[in-house]
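A.B. asks: Protein chains in written order, with our numbering: chain A, 1 to 284; chain B, 285 to 534; chain C, 535 to 823.
Let me give you the structure first, and then I'll get to my questions.
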Amino acid sequence: MIKLNPKLSQKFSYTLLCFAAILAIAPVILMVFIIIKNGASAISWEFLSSMPKSGMCVGGILPAILGTLSIVSCAIVVTLPVGVCAAIYLNEYAKDNMLTRIIKLAIVNLAGVPSVVYGLFGLGIFVMFLKLGVSIIAGALTLSIMELPVIITTARSSLGSVPYSFREASLSLGVSRWQTIRHVVLPNAIPGILTGAILSIARISGETAPILFTAAAFYVPHLPRSIFDQVMALPYHLYIISTQIPNMPKNIIYGTALVLLMMVLTMSCIAIFARIYFRKRRKW
Amino acid sequence: MVDKIKIENLSCYYNKKCVLESLNLNVVKNEILGVIGPANSGKTTFLRTLNRMNDFDITYSRKGSVYLDGDNIFDIDAENLRRRVGMLFAMPIPLPMSIYDNITYAPKRLGLVTKKVDLENMVESVLRDSSLWDEVKDRLGASAMKMSGGQQQRLCIARVLAINPEVILFDEPCSGLDPISTAKVEELMVELKEKYTIVLVTNNVKQASRVSDRTAFFLMGKLIEVDKTDKLFVSPKEKETEDYITGRFG
Amino acid sequence: MRKVLDFIIEKIIFICGTVSIIFVILIFSFLFKEGFSFFKDFGVLKFIGGHFWYPSSDHASFGILPLIVGSVFVTIGACAIAVPIGVMTALFISEIVPKGIRDILKSLVELMAAIPSVVIGFIGMITLVPLVKSIFNLPTGLTAFSGSIMLAFMAIPTIVTISEDAIRSVPWQYKQGALALGATKWQTLRRIILKAAMPGIIAAVMLGIGRVIGETMAVMMITGNAAHIPHSIFEPVRTMTATIAAEMGETVRGGMHYRSLFAIGLVLFLITFLINFVADLFLGKNKNT
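So, in structure tokens, the structure goes:
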């Protein structure tokens with residue numbers, strides 16, 4: 001075998017790595033570009049603000065947008081406090097014992113459960129067992145359990161980034177543990193926790209499988225009225241019109257995909273920029 | 285001469301390893317007790333036992349008793365103990381909030397002072413006591429993180445004064461400061477002993493000789509010698525003490 | 535009063551802390567409850583090893599072997615693409631590009647992870663599927679191969695993010711030491727850093743696999759959903775996840791078919807449980823070095 005000049009081999013390998021990075025990122029940018037290019041023409045105020053008509057071939061996607069927003073906001077309202085408390089327990093109170101190890105293992109595994117299995121679970125427990133029916137609340141609860149590990153993990157890392165010395169300073173003044181957490185640790189961890197929450201909202205807005213049997217409906221002639229209503233949801237709507245309805249006008253499908261994509265990407269961008277901003281002006 | 289703190293047969297361990305061995309020592313009311321010794325001699329462990337800050341370390345365990353005004357500190361409520369025995373750390377740790385909020389933080393949480401007027405008066409008085417008032421009176425709302433190191437350490441002193449403690453523990457309070465700031469903090473300690481009892485842990489032998497009334501010398505987890513400062517520095521009884529203060533080791 | 539309040543709050547925090555365990559147990563028991571009653575009626579071996587998935591015919595047969603093979607085909611295909619690209623991208627981002635560009639690329643990767651799987655599925659259906667059909671001259675472009683490609687894009691962000699963490703947590707002294715001995719940057723990267731970061735990279739790959747096995751919507755839209763044992767990756771396949779998602783709507787609640795889908799869910803749950811458990815072991819190993 002010929003031994004390559006190390007300098008040359010470095011140059012070659014770097015090119016290869018660069019090529020791999022392009023291969024990883026470029027197609028996704030291309031996908032986004034295709035959707036924007038084909039979907040932009042469908043976007044109009046009417047498309048965003050009216051009901052679908054004539055078997056969804058004309059009209060807008062308002063009920064789907066509102067449905068997704070209501071499911072997602074219910075989910076985050078449930079999951080955020082529980083997740084933050086769990087993170088506080090793990091980061092501030094938990095000792096290094098068996099229970100803590102089991103909790104960590106449980107979080108890791110919750111994070112890995114396939115989304116469709118969450119859908120099954122939601123169907124079993126919320127729709128059937130608790131008799132909530134196929135409804136916003138059943139879907140939201142399903143999504144909130146699915147998001148729990150993500151919220152816990154991000155909240156925990158933002159709590160962990162608050163220097164230990166702040167806790168010591170507060171505790172040494174005779175302030176109790178909970179008061180220290182409440183008035184010193186939490187205020188400084190809030191930006192990180194909120195960034196994590198926004199990223200979670202973005203992620204669950206695009207989830208389809210968990211709401212498939214718990215909340216989503218093919219078509220609902222009215223806007224969501226209570227949390228016990230079945231609703232249309234944007235990702236499910238996209239799935240339906242792109243696979244189940246033949247001869248669907250292409251620009252409506254692209255338009256729906258664009259709205260969903262923009263919703264998700266805008267929220268993610270906000271979260272990412274917020275994180276950069278808070279990191280820069282962090283006081284310690 | 286009233287004993288404020290009385291330590292009887294105190295031994296401390298980390299992971300079962302002994303770092304402080306059967307210590308017997310007392311701290312007299314309104315004195316500055318200097319504690320000197322090389323690194324790993326158990327000084328900081330000793331100090332953090334006095335306000336039970338070591339309770340948060342799960343590897344830590346101890347035997348023996350410490351009496352504060354006759355009460356065993358391991359029997360009384362730890363949070364109340366820490367209110368009575370304030371602590372200053374090696375590096376100044378202002379909380380990430382304004383100067384004003386740093387001082388009012390603990391009194392508010394503990395419910396010591398609640399009215400706004402009282403809080404304002406209290407802030408002024410502790411800032412005067414820590415000779416910081418003239419420097420910061422116009423910017424009480426500014427972030428404490430933006431002050432200089434010396435100012436931050438004096439703010440931390442003011443913060444401790446605000447909870448009206450009986451004893452103040454200083455854990456090498458000048459190790460991160462320049463000579464001028466150090467002089468100011470030392471001056472302050474001497475003023476404070478009028479009202480408070482002070483334990484000063486330092487690895488700067490000269491600092492102990494400058495400010496403390498009595499000095500204790502720790503080595504490898506044992507108390508070697510404790511005496512009036514001028515006596516200890518002029519004619520130490522033990523050979524190790526002499527070697528350390530004359531700079532032969534440590 | 536203050537003490538009582540503190541006490542109550544700390545109890546609430548403790549309960550929230552253990553809630554993850556409760557959910558894992560709940561998920562398992564709900565899947566197990568339905569799955570177990572299905573196994574009693576149909577038999578585990580016939581279920582796992584059966585070649586035919588005809589859930590709604592008169593002589594219903596619930597063999598999930600074709601579905602398992604379908605999942606495995608798609609997963610292997612996706613990993614064959616995503617692992618090399620992902621690990622190389624992680625190396626590129628963490629060790630080669632300057633810091634400013636690194637942050638931008640990392641944010642881009644994070645945005646990639648946020649793209650909903652229905653959108654990926656839709657784009658795949660419209661662009662990739664016809665392309666695969668015409669290039670390979672197939673009767674349909676809805677194949678395991680097309681599914682693998684699209685799923686690779688969903689696994690790449692996971693693999694990149696976690697490998698990048700692992701690579702960057704290699705102590706800088708290792709690198710300095712090698713460079714001081716006259717090794718080139720690339721030699722250092724390949725011989726030292728890659729080796730030290732290996733446990734983390736393995737964990738990244740496992741979590742990527744977990745993501746692909748559990749992926750539902752994109753797979754359902756692109757792989758053709760034919761429940762038979764495929765002979766090559768250029769045939770339509772149906773995965774376990776897609777089966778659940780596609781058929782749950784048509785089942786009778788509580789019926790045999792309904793319970794069989796829970797049984798599939800149970801199998802998926804156990805597989806991902808195992809994968810994540812092993813990945814976590816590797817991640818723990820990475821932190822100790």
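For each residue, glycine too, the CB sits at the ideal point set by N, CA and C.
Just so you know, these numbers come straight off a predicted model, no measurement behind them.
Residues in the same chain with beta-carbon distance under 6 Å from residue 700 of chain C, minus the five sequence neighbours each way, listed in chain order, please.
C.D. replies: Correct list, in chain order: 731, 734, 735, 820.
A.B. asks: I'd like to know whether the C-beta of residue 810 of chain C is nearer than 8 Å to at least one C-beta of chain A.
C.D. replies: By this cut-off, residue 810 of chain C is an interface position.
A.B. asks: Alpha carbon to alpha carbon, how far is residue 755 of chain C from residue 659 of chain C?
C.D. replies: Approximately 7 Å between the Cα atoms of the pair.
A.B. asks: So, are the CB atoms of residue 159 of chain A and residue 87 of chain A less than 8 Å apart?
C.D. replies: Taking 8 Å as the Cβ cut-off, residue 159 of chain A and residue 87 of chain A qualify as a contacting pair.
A.B. asks: Against residue 14 of chain A, what residues of chain C qualify as contacts under a CB-to-CB distance less than 9 Å, listed in chain order?
C.D. replies: The answer, in chain order, is 626, 630, 719, 720.
A.B. asks: Nearest chain A C-beta to residue 371 of chain B closer than 8 Å, yes or no?
C.D. replies: Chain A, which has a Cβ nearer than 8 Å to the Cβ of residue 371 of chain B, makes this yes.
A.B. asks: Would you kindly work out how many angstroms separate the C-alpha atoms of residue 359 of chain B and residue 643 of chain C, rounded to a whole number?
C.D. replies: Between residue 359 of chain B and residue 643 of chain C, the C-alpha separation is close to 55 Å.
A.B. asks: For residue 796 of chain C, which of helix, strand or coil comes out of DSSP?
C.D. replies: Residue 796 of chain C falls in the helix class under three-state DSSP.
A.B. asks: Measuring CA to CA, which of C/656, C/668, C/718, C/650 is closest to residue 689 of chain C?
C.D. replies: The candidate whose alpha carbon is nearest that of residue 689 of chain C is C/650.
A.B. asks: Could you name the residues of the region 682-697 of chain C whose beta carbon sits closer than 8 Å to any beta carbon of chain A, in the order they occur along the chain?
C.D. replies: Those would be 687, 690, 694, in chain order.
A.B. asks: Using three-state DSSP, classify residue 381 of chain B as helix, strand or coil.
C.D. replies: DSSP places residue 381 of chain B in coil when its eight states are reduced to three.
A.B. asks: Identify every residue that forms a DSSP beta bridge with residue 301 of chain B.
C.D. replies: For residue 301 of chain B, which the question treats as bridged, DSSP gives the partners B/298.
A.B. asks: Check whether the Cβ of residue 7 of chain A lies closer than 8 Å to any Cβ atom in chain C.
C.D. replies: Chain C contact via Cβ: present.
A.B. asks: Residue 482 of chain B and residue 452 of chain B look like a contact to me (Cβ under 8 Å); what is the Cβ gap, rounded to whole Å?
C.D. replies: Indeed, because the Cβ distance is near 5 Å, the residues count as touching under 8 Å.
A.B. asks: On the criterion of 16 or more Cβ atoms from any shown chain inside 10 Å, does residue 468 of chain B qualify as buried, or is it exposed?
C.D. replies: It counts as buried.
A.B. asks: Where does residue 452 of chain B sit, in a helix, a strand or coil, going by DSSP?
C.D. replies: DSSP places residue 452 of chain B in strand when its eight states are reduced to three.
A.B. asks: Would you list the one or two residues that DSSP bridges to residue 314 of chain B?
C.D. replies: In the DSSP output, where bridge partners are listed per residue, residue 314 of chain B has none listed.
A.B. asks: Exposed or buried, residue 692 of chain C, counting other C-beta atoms within 10 Å across all chains shown (16 or more means buried)?
C.D. replies: By the 10 Å Cβ count, residue 692 of chain C comes out buried.
A.B. asks: Quick check on the DSSP output: the alpha helix (DSSP H) that includes residue 260 of chain A runs from which residue to which?
C.D. replies: It spans 250-280 - the alpha helix (DSSP H) in which residue 260 of chain A sits, taken as one unbroken run.
A.B. asks: I believe residue 142 of chain A touches residue 119 of chain A by the beta-carbon criterion, under 8 Å. Please report the beta-carbon distance rounded to the nearest angstrom.
C.D. replies: Confirmed, Cβ separation roughly 7 Å.
A.B. asks: Taking only beta carbons into account, state which residues of the region 82-110 of chain A come closer than 9 Å to chain B, listed in chain order.
C.D. replies: Cβ contacts with chain B come from 95, 96.
A.B. asks: How is residue 8 of chain A classed by DSSP in three states: helix, strand or coil?
C.D. replies: Helix at residue 8 of chain A.
A.B. asks: If you measure from the beta carbon of residue 175 of chain A to each beta carbon in chain B, is any gap under 8 Å?
C.D. replies: Cβ-Cβ to chain B under 8 Å: yes for residue 175 of chain A.
A.B. asks: Bridge partners for residue 356 of chain B per DSSP, in chain order?
C.D. replies: DSSP, once it has assigned bridges, lists B/351 as partnering residue 356 of chain B.
A.B. asks: Quick check on the burial criterion: 16 or more other C-beta atoms within 10 angstroms. Buried or exposed for residue 532 of chain B?
C.D. replies: Its Cβ having fewer than 16 others within 10 Å, residue 532 of chain B is exposed.
A.B. asks: Would you tell me roughly how many angstroms separate the C-alpha atoms of residue 137 of chain A and residue 111 of chain A, rounded to the nearest one?
C.D. replies: For residue 137 of chain A and residue 111 of chain A, the distance between alpha carbons rounds to 21 Å.
A.B. asks: With a 10 Å radius around its C-beta and 16 neighbouring C-beta atoms as the bar for buried, classify residue 473 of chain B as buried or exposed.
C.D. replies: Residue 473 of chain B comes out buried.
A.B. asks: Determine the direct distance from the alpha carbon of residue 630 of chain C to that of residue 250 of chain A, and round the result to whole angstroms.
C.D. replies: Each residue's alpha carbon lies about 42 Å from the other.
A.B. asks: Residues of the region 178-197 of chain A in Cβ contact with chain B at a cutoff of 7 Å, in chain order, please.
C.D. replies: Those would be 179, 183, 184, 188, in chain order.
A.B. asks: Could you check which residue in A/92, A/121, A/281, A/126 has the C-alpha nearest to that of residue 186 of chain A?
C.D. replies: It is A/92 whose Cα lies nearest to the Cα of residue 186 of chain A.
A.B. asks: Whether or not the region 25-36 of chain A and the region 653-668 of chain C are in contact is what I'm after, with contact meaning three or more pairs of Cβ atoms, one per stretch, closer than 8 Å; do they touch?
C.D. replies: Cβ pair count under 8 Å is three or more, so yes.
A.B. asks: Would you say residue 676 of chain C reaches chain A, if we count a Cβ-Cβ gap shorter than 8 Å as a contact?
C.D. replies: False, the Cβ-Cβ gap to chain A never drops below 8 Å.
A.B. asks: Under 8 Å by Cβ, that's how I've got residue 294 of chain B and residue 346 of chain B pegged, so tell me the actual separation to the nearest angstrom.
C.D. replies: Confirmed, Cβ separation roughly 7 Å.
A.B. asks: Pull up the DSSP beta-bridge partners for residue 14 of chain A, would you.
C.D. replies: None, per the DSSP bridge assignment.
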